[in-house]
């Protein structure tokens, strides 16, 4: 069996500060492609999952920034 070249393997983020077992579980779970993702395929589902989860975590940690940028968030009500 041939080994995948290093440049084609996902980056090992397991040694980054703040990366823990739960992060690895989330990435593994999210890297299972959704039906619509399976239709178009993914060159690297694990890297895709890491990027999606990182962006999601950022939105959760900084919701005030998300609301200013999101077109899906309703405008604040005038009080």
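Numbering (the UniProt record's numbering), first residue to last: 1 to 79. Built from N, CA and C at the ideal position, the CB exists for glycine as well. Since the model is a prediction, treat every value here as computed from it, not as a measurement.
Check	Outcome
Proximity below 7 Å, CB of residue 22 to CB of residue 49	no
Environment of residue 27 [buried if 16+ CB atoms lie within 10 Å]	buried
Close Cβ partners of residue 32 (< 8 Å) along its chain, the five nearest in sequence each way excluded	45
Chain-order list of residues whose beta-carbon lies under 7 Å from that of residue 64 (same chain, five-residue window excluded)	none
Residue 43 in three-state terms, based on DSSP	coil
Run of the alpha helix (DSSP H) containing residue 23, from where it starts to where it stops	21-30
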